[in-house]
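Undergrad:
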Amino acid sequence: MGYKIALFVHVLSIASWFGGLAVMAVWLRKSTKLHDAGISMDQSLKNVHNLNVRMMVPVAILSFIAGLYMLIQFGDSKPLYLVIKERFGSLIVLAYVIGFPIYGGRLFKKLQGETDPAAKVARVKGYINLLNLTLLLLAFIILVVTFKFQ
Numbered sequence: 001m002g003y004k005i006a007l008f009v010h011v012l013s014i015a016s017w018f019g020g021l022a023v024m025a026v027w028l029r030k031s032t033k034l035h036d037a038g039i040s041m042d043q044s045l046k047n048v049h050n051l052n053v054r055m056m057v058p059v060a061i062l063s064f065i066a067g068l069y070m071l072i073q074f075g076d077s078k079p080l081y082l083v084i085k086e087r088f089g090s091l092i093v094l095a096y097v098i099g100f101p102i103y104g105g106r107l108f109k110k111l112q113g114e115t116d117p118a119a120k121v122a123r124v125k126g127y128i129n130l131l132n133l134t135l136l137l138l139a140f141i142i143l144v145v146t147f148k149f150q
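Numbering of the sequence shown is given in the working numbering, commencing with residue 1 and proceeding in unit increments.
1) Pull up the distance between the alpha-carbon of L62 and that of Q112, whole angstroms please.
2) List the whole-angstrom C-beta distance separating I72 from V144, where the pair is believed to meet the contact cut-off of C-beta under 8 Å.
3) Taking the alpha carbon of Y103 as the reference point, which residue from G126, F147, G20 has its own alpha carbon closest?
4) Measure from the alpha carbon of A6 to the alpha carbon of each residue in V59, H35, L68, V23, then state which is nearest.
5) Below 8 Å, how does it come out for the segment 82–101 and the segment 22–35: are there three or more Cβ pairs, yes or no?
6) Looking at the secondary structure, which residues open and close the alpha helix (DSSP H) in which T32 lies?
7) Can Y3 and M70 be called in contact, C-beta distance under 8 Å?
8) Could you tell me which uninterrupted alpha helix (DSSP H) segments, each at least 4 residues in length, are contained entirely in the segment 113–148, listed from first to last along the chain?
9) Quick one: grab the DSSP three-state call for M56.
10) For a test of the three-state rule: what should DSSP assign to I39, helix, strand or coil?
11) Tell whether a beta-carbon distance below 8 Å holds between K148 and M41.
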């Protein structure tokens with residue numbers, strides 16, 4: 001019963017994390033377009049950073065803990081797809097949990113002092129690309145687990 005609860009929590013966490021990252025990327029992309037029209041994107045970036053720190057990072061940690069619990073329950077002889085999920089998934093979660101809050105906070109502070117609108121948009125687009133890269137890595141892990149490569 002504990003394994004099934006952990007599986008539910010894990011899948012729910014991954015789905016929430018993936019969806020939240022997609023929403024943040026779309027939100028910032030829309031904000032950069034509105035910034036070109038004269039509407040400031042500072043508040044959008046602040047809101048996305050707060051969403052990331054307050055919701056996405058805890059959800060990523062929850063998915064990591066639930067996945068780790070399931071791997072412990074699975075035993076020593078793991079198929080290839082679980083080894084890939086364990087190693088790369090853990091690496092993605094740890095890099096995300098450590099890197100994104102630090103990078104987002106520093107980016108937000110740099111943009112507050114930035115006066116050139118083109119430089120602001122370029123920096124935010126870099127953040128969007130990082131969000132998209134994280135989404136791509138998550139999609140790769142989901143693909144590997146879905147096909148259950150042996």
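C-beta atoms are modelled at their ideal positions from N, C-alpha and C, and glycine is treated no differently. Predicted model, so just to flag it, every value in this text is computed and none were measured.
TA: According to the structure shown:
1) 32 Å
2) I72 to V144, Cβ: 20 Å. No contact.
3) With distances taken between Cα atoms, Y103 lies closest to G126.
4) Residue L68 is the option with its Cα nearest to A6.
5) Touching, no.
6) 2–36
7) yes
8) 117–147
9) helix
10) coil
11) no
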